[in-house]
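Presented below is the structure to which this report refers.
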Amino acid sequence: MILLNKTIYSLRRSTITYLILIGVIFVAAIVQELSGFGFGTLAMAILPIFLAYKTCNMLVLSASLLIEIYTIIKLFKYIQWKLVIIPTFVSVIISILGTHLMLGLSTKTLSIIMACFLWIMAGYLSLIAPKLKVSANLFTGLIAGGLGGFMQSMFAAGGPPIVAYYNSIIDNPLTYQATVQTYFITTTLTILITDFSKGYLTGNLVLPGIICMISCLLGTIVGMRLLHKISMKTVRKAAYIVMLLAGCYMLYKGIF
Numbered sequence: 216m217i218l219l220n221k222t223i224y225s226l227r228r229s230t231i232t233y234l235i236l237i238g239v240i241f242v243a244a245i246v247q248e249l250s251g252f253g254f255g256t257l258a259m260a261i262l263p264i265f266l267a268y269k270t271c272n273m274l275v276l277s278a279s280l281l282i283e284i285y286t287i288i289k290l291f292k293y294i295q296w297k298l299v300i301i302p303t304f305v306s307v308i309i310s311i312l313g314t315h316l317m318l319g320l321s322t323k324t325l326s327i328i329m330a331c332f333l334w335i336m337a338g339y340l341s342l343i344a345p346k347l348k349v350s351a352n353l354f355t356g357l358i359a360g361g362l363g364g365f366m367q368s369m370f371a372a373g374g375p376p377i378v379a380y381y382n383s384i385i386d387n388p389l390t391y392q393a394t395v396q397t398y399f400i401t402t403t404l405t406i407l408i409t410d411f412s413k414g415y416l417t418g419n420l421v422l423p424g425i426i427c428m429i430s431c432l433l434g435t436i437v438g439m440r441l442l443h444k445i446s447m448k449t450v451r452k453a454a455y456i457v458m459l460l461a462g463c464y465m466l467y468k469g470i471f
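In our numbering, each residue's number is its place in the sequence shown (first place is 1) plus 215.
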């Protein structure tokens, strides 16, 4: 009887966990499609409460890759390749160098710095970007890629500078989404390949992985349909709102 009760409890707990996984991934995928980023921030803020951190990390990375591949396939003709090459190259170089600086700082310090970065980016998108016309040239590409690489190595979140950059120079929501996801896929693939080589991908990830992928695909499809109906102004609002909320979350992590 005791064994039966434990089994029932375990099944209920697993069911609740998977339902939460479905809901969080679905909503995060919609946010990612509308704002260009935020999937990882939202998912990793909630899922580690219910699942092991490494499990969450692998699930989120895999789902991110699915979002990026789906978006690139659907919006391939909208990709601005010349806006992707320079930031991506610089980002990879800077992220390697920035790793050494990260090792000397505590997790709480990194969280507080990250919160400040996010609020600065949100302030830029909401207050400065609408009044300032940024040109797509070598210099701005280097700056965006450099900041993205620095934040990727320091906080594992290199999205905000790139999102702010593309938001400032691209006026079409579909072009923006196609270009920003093409940039992100390089980072995602690099991390996944590294994790795979270290043996982090195990059989325990199969069931939650399948659930995660289905939920992510549905959320991405819904987000893509919404993206076709909104203006770039709405996309910018979604981006800086996500940044503000993520900044609050990171500050909370840094203080508590």
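Beta carbons are placed, not taken as given, at the ideal position from N, Cα and C, and that holds for glycine.
Kindly indicate the opening and closing residues of the alpha helix (DSSP H) around residue 350. Numbered from its first residue, the sequence shown carries residue 350 at position 135. Unbroken run through residue 350: none, as it is neither H nor E.
Mind checking which residues open and close the alpha helix (DSSP H) that includes residue 375? Along the sequence shown, one-based indexing puts residue 375 at 160. Where residue 375 is concerned, the enclosing alpha helix (DSSP H) stretches over 374-384.
Closest by C-alpha distance to residue 254, when choosing among 278, 400, 420: What you label residue 254 is simply residue 39 of the sequence shown in a count that begins at 1. Selected option, being the one with the closest Cα: 278.
To which residues of the same chain is residue 356 closer than 6 Å at the C-beta, ignoring the five residues directly before and after it? Position 141 of the sequence shown, counting from 1, holds the residue named residue 356. Cβ neighbours of residue 356 beyond the five flanking positions: 301, 302.
Distance, residue 243 Cα to residue 447 Cα: Here residue 447 is taken as the residue at index 232 of the sequence shown, counted from 1. Here residue 243 is taken as the residue at index 28 of the sequence shown, counted from 1. Between residue 447 and residue 243, the C-alpha separation is close to 20 Å.
If I follow the unbroken alpha helix (DSSP H) through residue 289, where does it start and stop? Position 74 of the sequence shown holds residue 289. Segment 268-289, the alpha helix (DSSP H) holding residue 289.
Under the rule that 16 or more other beta-carbon atoms within 10 Å means buried, what is residue 440, buried or exposed? By 1-based counting over the sequence shown, the position of residue 440 is 225. Flag for residue 440 reads exposed.
Among residues of its own chain, excluding the 5 on either side of residue 456, which ones have a beta-carbon nearer than 7 Å to its beta-carbon? Position 241 of the sequence shown, counting from 1, holds the residue named residue 456. There are no such residues.
Just the Cα atoms here: how many angstroms apart are residue 471 and residue 324? Taking the sequence shown and counting its residues from 1, one reaches residue 471 at position 256. Taking the sequence shown and counting its residues from 1, one reaches residue 324 at position 109. Each residue's Cα considered, the two are about 11 Å apart.
Following the continuous alpha helix (DSSP H) through residue 534, name the residue where it begins and the one where it ends. In the structure as shown, the chain starts at 216 and stops at 471, and residue 534 therefore has no counterpart that could be examined.
Taking residue 266 as the reference, which of 280, 284, 233 has the closest Cα? Residue 266 sits at position 51 when you count from the first residue of the sequence shown. Ranking 280, 284, 233 by Cα distance to residue 266 puts 233 first.
Along the alpha helix (DSSP H) that carries residue 402, what are the first and last residues, could you check? Counted from its first residue, the sequence shown places residue 402 at position 187. First-last of the alpha helix (DSSP H) with residue 402: 388-412.
Please say whether residue 403 and residue 257 have beta carbons closer to each other than 8 Å? On the sequence shown, residue 257 is found 42 positions in, with the first residue counted as 1. On the sequence shown, residue 403 is found 188 positions in, with the first residue counted as 1. No, Cβ-Cβ distance for residue 257 and residue 403 is not below 8 Å.
With 16 as the cutoff for other CB atoms within 10 Å, does residue 467 come out buried or exposed? Along the sequence shown, read from residue 1 onward, the residue named residue 467 stands at position 252. Residue 467 comes out exposed.
State yes or no: is the C-beta of residue 450 within less than 8 Å of the C-beta of residue 245? Taking the first residue of the sequence shown as position 1, residue 450 is located at position 235. Taking the first residue of the sequence shown as position 1, residue 245 is located at position 30. It is not a contact, given that the beta carbons lie outside the stated cut-off.
Whole-angstrom distance between residue 270 and residue 221, CA atom to CA atom: Working through the sequence shown from its first residue, we reach residue 221 at position 6. Working through the sequence shown from its first residue, we reach residue 270 at position 55. Any reading at residue 221 is ruled out, since the residue's pLDDT is 48, under 50, leaving its predicted position unreliable.
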